[in-house]
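Under the working numbering, residues 10 to 383 are what the sequence shown spells out, in order. Before any comments, here is the structure.
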Amino acid sequence: MSSTLDHTSDAAARAASFDIRPSDAPLPDAEREALLAEPKFGTVFSDHMARVTWTAGTGWADHRVEKYGPLQMDPASAVLHYAQEIFEGLKAYRHADGSVWTFRPEANAARFARSARRLALPELPEEDFLGAITALVRADAAWVPSGAEASLYLRPFMYGSEAFLGVRPSLEAEFLVIASPVGPYFAGGVKPVSIWVSQDMHRAGAGGTGDAKCGGNYAASLKPQIEAFEHGFEQVLFLDASTNTAIEELGGMNVFFVRADGSVETPELSGSILEGVTRMSIIQLLKDRGHEVVERRILLTEVQEGLADGSIVEAFACGTAAVVTPIGRLAGTEFDATISGGGPGELTLSIRDELTGIQTGRVADPHGWMTRLV
């Protein structure tokens with residue numbers, strides 16, 4: 010296992026390959042501080058963005074940090090017609106001593122490479138992925154907010170940029186990282202959310218792009234999300250497309266169920282479920298505590314029965330943006346169940362506190378997951 014020192018020194022070395030081209034119009038300090046005082050998720054962006062350009066002939070080149078701003082894109086760009094696009098999400102956290110850290114970026118880099126393979130995009134080397142986020146955060150360190158539930162959300166993404174009309178992989182691509190200071194993902198903070206089970210529409214199917222982090226998966230979740238809102242629910246849970254019986258994931262989060270005997274279950278990675286970095290981290294932390302963690306195919310009927318007879322006592326969703334979110338109600342066209350009395354479960358809150366504690370430096374990092382950026 011690599012040490013935190015190894016992570017930090019490696020990140021610094023990788024950032025050195027990026028040319029820093031400072032913005033000629035950074036936001037004035039007073040205006041930036043006003044925005045950081047009440048950060049809202051994904052609506053305000055920092056002064057710069059990291060960028061690397063790829064062509065089939067030259068490979069990855071022109072590593073730079075430059076002024077944040079609109080992209081110049083040809084109307085025939087591949088991404089606009091054939092959806093060759095992938096992205097990631099991770100956060101930078103300011104610790105009590107003023108230093109800035111990020112959580113398991115190597116896992117994000119590996120998933121980014123897997124997504125690229127599935128979407129026929131060029132694989133970005135890990136050193137470029139880590140170098141880009143380090144260089145950007147160092148350039149915009151003043152944009153990392155302080156305080157509980159606050160962080161700098163980092164959005165690496167790549168798209169096919171070649172101008173052509175024809176169904177084949179793009180011979181040109183752009184990789185960028187942008188940053189947004191954020192508060193809680195849900196405006197109400199850490200409180201149980203209500204979940205509607207979509208039984209007519211699906212996020213992804215066998216052999217599709219469900220285990221890649223690409224925009225099309227999220228576009229497919231929007232109509233079911235509207236359906237959930239119309240029924241008075243905050244989020245939507247998808248079933249498998251093959252049988253319409255097994256639980257998979259939410260529109261943007263993985264899901265866990267806690268049983269009365271202390272064991273915890275989560276849907277197994279089927280090829281149509283995204284392998285969440287938060288998911289894998291929670292599994293490790295639960296095992297560290299001695300909980301049995303079972304990854305398996307979970308039928309909706311099993312969950313309904315478990316909630317009815319009391320053998321399932323908690324449920325929660327997890328992801329980079331929301332971290333860990335209690336589920337207080339689960340319903341579909343033929344059932345409506347309250348979980349944990351409608352309040353957050355004890356284990357849910359405990360594992361959330363441990364994970365966020367590691368990320369923010371309040372709790373020891375036994376697995377060496379944190380990388381210092383500044």
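Ideal Cβ placement from N, Cα and C applies to all residues, glycine included. Predicted model only: the values in this text are computed from it and were never measured.
Between the alpha carbons of P233 and Q244 lies a distance of about 9 Å. DSSP places Y91 inside the alpha helix (DSSP H), whose first and last residues are A87 to Y91.
Straight-line measurement puts the Cα of A141 at about 27 Å from the Cα of I291. Between F112 and F138, the gap from beta carbon to beta carbon reaches 8 Å or more. An exposed status is given to R126, since fewer than 16 other beta-carbon atoms sit within 10 Å of its beta-carbon.
In the three-state reduction of the DSSP assignment, T334 falls in the strand class, which pools E and B. Residue pairing from DSSP places F166 in a beta bridge opposite F96 and L185. The beta carbons of V273 and H240 sit no closer together than 8 Å. A direct Cα-to-Cα measurement between R298 and Q81 gives close to 50 Å. Shown here for A229: same chain residues with a beta carbon closer than 6 Å to its own, the five before and five after excluded, namely R212 in chain order.
For the pair of segments examined, the segment 151–165 was found to touch the segment 90–107: the number of CB pairs separated by less than 8 Å reaches three. Secondary structure at R298: coil, using DSSP grouped into helix, strand and coil. Counting only residues of its own chain and dropping the five nearest sequence neighbours on each side, A330 has a CB closer than 6 Å to the CB of Y194. The beta carbon of P353 sits closer than 6 Å to those of P201 and P335, all from its chain and outside the five residues before and after it, given in chain order. Between the C-alpha atoms of A20 and L382 there is a straight-line separation of about 7 Å. For Q234, the uninterrupted alpha helix (DSSP H) run begins and ends at G224 to E239, by DSSP. Comparing C-alpha distances from L130 to each of L316, S179 and R268 shows the shortest one belongs to S179. Residue L145 holds the alpha-carbon nearest to the alpha-carbon of R30 among L145, Y168 and S203.
The shortest CA-to-CA distance from P114 to any of D106, T143 and S86 is the one to T143. The secondary-structure analysis by DSSP pairs W205 across a beta bridge with V245 and A340.
Runs of the beta strand (DSSP E) lying entirely within the segment 53–139 and spanning at least 3 residues, in chain order: 57–64, 68–76, 94–96, 99–103 and 109–112.
By the 16-neighbour rule on beta-carbons within 10 angstroms, P190 is buried. Counting only the Cα atoms, G217 lies some 23 Å from S170. Between H57 and S32 the beta-carbon gap is near 6 Å, inside 8 Å, which marks them as a contact. For the pair T357 and E323, the CB atoms are nearer than the 8 Å cut-off. Using a Cβ distance threshold of 8 Å, L259 and V206 do not count as a contacting pair. Under the three-state reduction of DSSP, D33 is assigned to coil, being neither helix nor strand.
DSSP lists no beta-bridge partner residue for L283. In the three-state reduction of the DSSP assignment, D345 falls in the strand class.
Pairing E257 with I282 gives a Cβ-Cβ distance under 8 Å. According to DSSP, P190 shares a beta bridge with L161. Residue pairing by DSSP places G328 opposite V332 in a beta bridge.
C-alpha of G78 to C-alpha of L248: approximately 39 Å in a straight line. Scanning S359, K100 and A157 for the CA closest to the CA of W378 turns up K100.
Beta-carbon to beta-carbon, E136 and T64 are separated by about 19 Å, too far to satisfy the 8 Å threshold. The beta carbon of P84 sits closer than 6 Å to no other beta carbon from its chain once the five residues preceding and following it are set aside.
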